[in-house]
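Peer 1: The structure that follows is given in the form of structure tokens.
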Amino acid sequence: MNPVRIPVVEKVLSANDSVAAATRAQLDALGIFSLNLMASPGAGKTSLVERTAAALKGSHPVGMVNGDTSEAAFDAERSQRAGALSVHINTGGKCHLEAAMVRDALALLPLDQIRLLIIENVGNLVCPSAWQLGAQRSVLIASIPEGDDKPYKYPKMYSGVDVLVINKIDLLPYVDFRMDYFRRGVETLNPGLVTFAVSCRTGEGLDAWFDWLRSRMA
Ligand SMILES: Nc1nc2c(ncn2[C@@H]2O[C@H](COP(=O)(O)OP(=O)(O)O)[C@@H](O)[C@H]2O)c(=O)[nH]1
Ligand SMILES: [Mg+2]
Ligand SMILES: [Zn+2]
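Per the UniProt record's numbering, the sequence shown runs over residues 1 to 218.
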């Protein structure tokens with residue numbers, strides 16, 4: 001007899017969702033477009049934030065909330081150097097961001113100066129997708145060196161997102177990555193998913209990503 005466990009988990013998630021709904025309403029009211037950026041460690045989340053902040057800061061100032069499992073605020077500092085207004089969240093070892101952490105971080109940002117908010121989630125392909133944060137779109141970065149089997153291994157992550165960015169395409173000549181196989185897996189889980197293939201290193205493909213963001217904010 002252990003029927004208590006499932007209701008408890010559901011209660012925690014629904015409490016989280018009501019905080020997320022309040023954040024979403026707050027951001028909508030301020031006219032801020034917001035992204036929950038998820039990926040494995042090293043896929044290029046901070047690199048994409050840097051590129052995006054540098055390209056859009058003149059027209060659409062970028063705010064960044066970065067969740068990491070420790071005190072080290074390297075990513076928030078990187079995005080700040082690229083022109084974003086940033087806040088670092090130390091999750092205290094937790095492997096995902098929760099809505100209350102984001103709400104508290106937003107209180108530290110000058111939201112009236114921001115048009116685009118990017119929330120860099122903790123590097124992890126498993127649980128972040130279960131936690132609503134209040135962002136308008138969820139974005140997953142897949143990077144070439146991670147391998148072409150990831151949609152098959154992490155179906156929940158791939159099926160739950162609104163946008164996919166395939167990063168590090170400059171490495172395609174050096175890695176056994178079957179783009180067809182990868183894309184077939186994605187298409188099965190999330191038909192018609194908006195997808196960008198980019199290199200944050202060379203800049204290839206990023207204009208389409210910036211155009212998509214601008215059109216969402218128009
Ligand atoms: N070759 C290549 N390296 C990249 C690219 N984007 C990011 N990197 C490198 O990948 C590493 C991890 O990037 P980072 O943005 O910190 O990833 P995060 O952990 O997801 O935030 C860094 O050494 C980046 O320079 C890319 O498009 N091509
Ligand atoms: Mg990072
Ligand atoms: Zn977690």
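By construction, the Cβ of each residue, glycine as well, lies at the ideal position given by its N, Cα and C atoms.
Since the structure is predicted, the reported quantities are computational estimates derived from the model, not experimental observations.
With DSSP run on the structure shown, which of helix, strand or coil describes R137?
Peer 2: As a position in the sequence shown, residue 137 is number 137, starting the count at 1. Correct three-state label for R137: strand.
Peer 1: Alpha carbon to alpha carbon, what distance is there between L193 and residue 231?
Peer 2: With the chain covering only 1 through 218, there is no way to say anything about residue 231.
Peer 1: Is it the case that the CB of T69 approaches a heavy atom of ligand 2 more closely than 7 Å?
Peer 2: Reading the sequence shown from its first residue, position 69 is the one you call residue 69. No, ligand 2 has no heavy atom inside 7 Å of this Cβ.
Peer 1: What runs of the alpha helix (DSSP H), each 4 residues or longer, lie entirely inside the segment 85 to 122?
Peer 2: The segment 85 to 122 contains these whole alpha helix (DSSP H) runs: 99 to 106.
Peer 1: Can you give me the Cβ contacts of R178 inside the same chain, cut-off strictly under 8 Å, excluding the 5 residues immediately before and after it?
Peer 2: Residue numbering aside, residue 178 sits at position 178 when the sequence shown is read from its first letter. D148, listed in sequence order.
Peer 1: So which of E120, A218, P128 has the shortest CA-CA distance to A53?
Peer 2: Taking the sequence shown and counting its residues from 1, one reaches residue 53 at position 53. Checking every option, the nearest Cα to that of A53 belongs to E120.
Peer 1: Between which two residues does the beta strand (DSSP E) holding F74 run?
Peer 2: Along the sequence shown, read from residue 1 onward, the residue named residue 74 stands at position 74. Run containing F74: none in the beta strand (DSSP E); it sits in the alpha helix (DSSP H), 74 to 81.
Peer 1: Can you give me the start and stop residues for the alpha helix (DSSP H) that L171 sits inside?
Peer 2: Start at 1 with the first residue of the sequence shown, and residue 171 comes out as number 171. Run containing L171: none; DSSP gives neither H nor E here.
Peer 1: Can you name, in chain order, every residue of its own chain whose Cβ lies under 8 Å from the Cβ of S47, other than the five neighbours on each side?
Peer 2: If you number the sequence shown from 1, residue 47 lands on position 47. Excluding positions up to five away in sequence, the list reads N167, C200, R201.
Peer 1: Does the distance from the C-beta atom of S79 to that of M64 stay below 8 Å?
Peer 2: The residue you call residue 79 lines up with position 79 of the sequence shown. The residue you call residue 64 lines up with position 64 of the sequence shown. Contact: yes.
Peer 1: Whose CA, out of K150, E204, G185, lies closest to the CA of D170?
Peer 2: The residue given as residue 170 occupies position 170 in the sequence shown. Ranking the options by Cα distance to D170, first place goes to E204.
Peer 1: Do Q132 and A99 have their C-beta atoms within less than 8 Å of each other?
Peer 2: As a first step, residue 132 is located in the sequence shown; it is residue number 132 there, counting from the start. As a first step, residue 99 is located in the sequence shown; it is residue number 99 there, counting from the start. Going by C-beta atoms, Q132 is nearer than 8 Å to A99.
Peer 1: Along the chain, where does the beta strand (DSSP E) that runs through L37 open and close?
Peer 2: Taking the first residue of the sequence shown as 1, we reach residue 37 at position 37. First-last of the beta strand (DSSP E) with L37: 33 to 38.
Peer 1: Can you find a heavy atom of ligand 3 that lies under 7 Å from the Cβ of H88?
Peer 2: In the sequence shown, the residue the question calls residue 88 occupies position 88. Checking every heavy atom of ligand 3 against the Cβ of H88, none is found closer than 7 Å.
Peer 1: Closer than 7 Å: is that where the CB of K94 sits relative to any heavy atom of ligand 3?
Peer 2: Here residue 94 refers to the residue found at position 94 when the sequence shown is read from its first residue. Yes; taking the cut-off as 7 Å, the Cβ of K94 has a heavy atom of ligand 3 nearer than that.
Peer 1: Excluding sequence positions up to five away, which residues of its chain have a Cβ less than 6 Å from the Cβ of D162?
Peer 2: Position 162 of the sequence shown, counted from the first residue, corresponds to residue 162. Excluding residues within five positions, the ones whose Cβ falls inside 6 Å are R137, S138.
Peer 1: By DSSP, does G58 sit in helix, in strand, or in coil?
Peer 2: The residue given as residue 58 occupies position 58 in the sequence shown. Correct three-state label for G58: coil.
Peer 1: Below 7 Å, is the gap between the Cβ of C127 and the nearest heavy atom of ligand 3?
Peer 2: Reading the sequence shown from its first residue, position 127 is the one you call residue 127. True, at least one ligand heavy atom lies under 7 Å from that Cβ.
Peer 1: How many angstroms separate the CA atom of residue 220 from the CA atom of T23?
Peer 2: Absent from the model: residue 220. The displayed extent of the chain is 1 to 218, so no value can be given.
Peer 1: What first and last residue would you give for the beta strand (DSSP E) that runs through A197?
Peer 2: In the sequence shown, counting from the first residue as 1, residue 197 sits at position 197. Per DSSP, A197 belongs to the beta strand (DSSP E) from 194 to 197.
Peer 1: For L30, I'd like the list of residues in its chain whose CB is within less than 6 Å of its CB, leaving aside the five on either flank, ordered along the chain.
Peer 2: Against the sequence shown, residue 30 aligns to sequence position 30. Answer for L30: L111, listed in chain order.
Peer 1: Would E146 be called buried (16 or more neighbouring beta carbons within 10 Å of its own) or exposed?
Peer 2: The sequence position of residue 146 within the sequence shown is 146, counting from 1. So E146 ends up on the buried side.
Peer 1: When the distance is taken between beta carbons, is N66 closer than 8 Å to H96?
Peer 2: Counted from its first residue, the sequence shown places residue 96 at position 96. Counted from its first residue, the sequence shown places residue 66 at position 66. Result no, Cβ atoms of H96 and N66 do not sit closer than 8 Å.
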